[in-house]
Amino acid sequence: MLSNRKRILVVDDEDSVRCLLREIFRKEGYQVDLAENGLEALNLVERSQYDLAIIDIRMPVMDGLELFHVFLEKHPEIIVIIITAFASVDTAVEAMKLGAYNYISKPFNIAEIKLNVKRALESKDLAEEVKELRQEIQKRYSINNIIGHSGKMQEIYKTVGRVANCNVTVLIQGESGTGKELIAKAIHYNSRRKEAPLVKVNCAALPEGLLESELFGHEKGAFTGALEKKKGKFEQADKGTLFLDEIGDMSPSLQVKLLRVIQEKEFERVGGLETIKVDVRIIAATNRHLEELVKSEKFREDLYYRLNVVSIIIPPLRERKEDIPSLVEFFLNKYNEEMGKEFKYVSVEAMNRLINYNWPGNVRELENAIERAVVMGNGSVLLPEHLPVNIHSYSIPEADPLGFEVEDKPLREILREVEKAVIKKSLDKNGWNKARTAAKLGLSRKALLYKIEEYGLQKTLTV
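Have a look at this one:
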């Protein structure tokens, strides 16, 4: 018996068939309504919501195919199963091509029609779950949800916003752990391709032979162990985005094949002769200096320029320390929720150590440090001893690079102090030239003026 009471509409001009189906599916726990022709069915769907309709093809007034066309246009959420006499099987097949779930010939088997309805409703539920998950992913990777208030990160967000809906290739460069994959996801999920797949390949994780098969697929018998045909990542990413991580580790021979796909939008599987056309956007990422690899002839110059249509360089965390408090807040909330903890504050010493540490592993290392702290600690205050030993024992310089004391207070207050200090420093550095300061910080002039007024900032007078 179904707890959520799915609703089924049976449309058939034979009273005996309608009554039989109503009896069958009421016993299965469904709500069932009946209509003896298409017009009556349309009146019902205007008044009630249905999950599934069982429609006979041959009916007076409006036949089943006409009704199905109306459902496709006005009620695409209703799954349709066609029931048909043998003579109208061709029509039923036509309906299948248009999107009907299945067709069942009369006289039908009760077990068969029950199984079809069960599977059709399960597929509907799954499709709705996938849709909700996709919407959640798109929300998660919205540009507004990426953490980082520094001027450098603000410039990156602007670039992501500009290139997302273009089909240009993008090259993302940065040290390991800076968030290159996060930026790639933000580009994809804010683009017109967001409903299509985002497929990732780590070019450094596989030897050349396996990477070629992974990218382009292979035919059965193409090499030892190729027991069946396999589609590669390019085919899987058709109409979507292919994210090529660690592109700098790709072998010269594969670089040639990749260049061809980018230029011609076609390739052959390993061991195959058929030319396969694809529509794929390429986003590549690397932690290596591709220009140096080009100079040393380890990376093709023509491929480099094909990939580097738009370049995004993500700065290491040590160059944007003003982002650390907001990242700490984000990761603290994340792991509080996952582990049922209640950390609300970061102690003075713990925050100073987090800000002053150089973070060779960048954002990934910071996230791991906060995760460990939440695991190891209890209470509401995150203390230095909760942090990994290398951070806990890190020697703090006497001068605070942010120019203010970090106190035991909510992280949002700390963030305001960080922002206030950064804006004041930038204004002083730029001689209180507001246009130049706004440009450096990645703010509009209007936003900067608002911040100056909000924080009561004033030009320092010198004698």
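This note's numbering numbers the first residue of the sequence shown as 228 and each following residue consecutively. For every residue, glycine included, the Cβ atom is placed at its ideal position computed from N, Cα and C. Keep in mind that this is a model prediction, so the values were computed, not measured.
Where residue i sits in the DSSP three-state scheme
i, result
"residue 684", "coil"
"residue 453", "coil"
"residue 445", "strand"
"residue 536", "coil"
"residue 290", "coil"
"residue 257", "coil"
"residue 472", "strand"
"residue 560", "helix"
"residue 581", "helix"
"residue 398", "strand"
"residue 597", "helix"
"residue 487", "helix"
"residue 626", "Since pLDDT at residue 626 reaches only 46, below the 50 mark, its modelled position is unreliable, and the value read off the structure follows with that caveat. Of the three classes helix, strand and coil, the one that applies to residue 626 here is coil, per DSSP."
"residue 319", "helix"
"residue 437", "helix"
"residue 424", "coil"
"residue 701", "Residue 701 is absent from the structure shown; the chain starts at 228 and stops at 690."
"residue 637", "strand"
"residue 330", "strand"
"residue 617", "helix"
"residue 270", "helix"
"residue 670", "coil"
"residue 589", "helix"
Residue i, buried or exposed, once every other Cβ within 10 Å from all chains shown has been counted against 16
i, result
"residue 578", "buried"
"residue 607", "exposed"
"residue 490", "exposed"
"residue 378", "buried"
"residue 418", "buried"
"residue 443", "buried"
"residue 508", "buried"
"residue 685", "exposed"
"residue 553", "buried"
"residue 305", "buried"
"residue 420", "buried"
"residue 320", "exposed"
"residue 265", "buried"
"residue 343", "buried"
"residue 451", "exposed"
"residue 670", "buried"
Nearest-angstrom Cβ-Cβ length linking residue i and residue j, presumed shorter than 8 Å
i, j, result
"residue 603", "residue 619", "That pair is no contact at about 11 Å."
"residue 638", "residue 556", "4 Å"
"residue 360", "residue 325", "Between residue 325 and residue 360 the Cβ distance is about 27 Å, and since that is not below 8 Å, they are no contact."
"residue 430", "residue 380", "Contact doesn't hold; Cβ gap of about 26 Å is too wide."
"residue 496", "residue 467", "In fact, because the Cβ distance is near 19 Å, the residues do not count as touching under 8 Å."
"residue 672", "residue 656", "That pair is no contact at about 17 Å."
Counterpart residues of residue i in DSSP-defined beta bridges
i, result
"residue 283", "310"
"residue 495", "502"
"residue 238", "262, 282"
"residue 609", "573"
"residue 508", "468"
Own chain residues within Cβ distance below 6 Å of residue i, not counting five before or after
i, result
"residue 584", "618, 621"
"residue 558", "594, 597"
"residue 245", "237, 239, 261"
"residue 283", "239, 291, 310"
"residue 566", "601"
"residue 422", "none"
"residue 445", "453, 457, 496, 497, 498"
Cut-off 8 Å between Cβ atoms - residues of its own chain near residue i, not counting five sequence neighbours on either side
i, result
"residue 626", "Only weak support is given to the placement of residue 626: the predicted model assigns it a pLDDT of 46, under 50, and the value that follows is read from those uncertain coordinates. The answer is none, since no qualifying residue turns up."
"residue 599", "613, 614, 615"
"residue 232", "256, 257, 258"
"residue 295", "282, 307, 309, 322, 325, 327"
"residue 550", "374, 375, 376, 377, 380, 544"
Neighbourhood of residue i by C-beta, 7 Å cutoff - its chain only, sequence neighbours within 5 removed
i, result
"residue 475", "513, 515, 517, 520, 526"
"residue 414", "387, 390, 391, 397, 510"
"residue 267", "none"
"residue 404", "588, 589, 590, 591, 592"
"residue 681", "none"
"residue 351", "278, 306"
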